[in-house]
Amino acid sequence: MGAENTNMTWLYFVLMTIISWGLYGIFLHSGQLGMGDPVNGRYKAFLFVGIAYLLTAVLGPLIVMLFNGASWVFPAKGMGYSLVAGIV
167 MGAENTNMTW LYFVLMTIIS WGLYGIFLHS GQLGMGDPVN GRYKAFLFVG IAYLLTAVLG
227 PLIVMLFNGA SWVFPAKGMG YSLVAGIV
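To get the working numbering, take the position in the sequence shown, counting from 1, and add 166.
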């Protein structure tokens, strides 16, 4: 890889972002339609997005921490900033 290739690396990340968000929108819309509820279908689909986030952001790290023998001590400062980061 030459220097000329590294200057365009950002473009790959831009394209991956566009593809990811595009697929997210397509799948979420398909989920809304698949719920068969014109009034609450969007909320039902979004509920399952939350379940997917739970699996990815809660169970995934828990499993990794278990396998790595992590300490289960969580300092208040770290928890506080992490919770704020999740809200923001």
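For glycine and all other residues, C-beta sits at the position ideal for the given N, C-alpha and C.
*So, do the stretch 193-201 and the stretch 209-224 have three or more beta carbon pairs nearer to each other than 8 Å?*
yes
*Candidates S248, L181 and T175: closest to A223 by CA position*: Numbered from its first residue, the sequence shown carries residue 223 at position 57. Nearest of S248, L181 and T175 to A223, Cα basis: S248.
*Which term fits A251, buried or exposed, when burial requires 16 or more other beta carbons within 10 angstroms of its beta carbon?*
Sequence index remark: in the sequence shown, residue 251 carries index 85 (1-based). Exposed.
_What does the Cβ neighbour count give for A236, buried or exposed, with the cut at 16 atoms within 10 Å?_
On the sequence shown, residue 236 is found 70 positions in, with the first residue counted as 1. Classification of A236: exposed, given that the 10 Å Cβ count is below 16.
*Tell me whether S173 sits in a helix, a strand or coil according to DSSP, three-state version.*
Working through the sequence shown from its first residue, we reach residue 173 at position 7. What sits at residue 173 in the sequence shown is Asn, not Ser. Three-state result, N173: coil.
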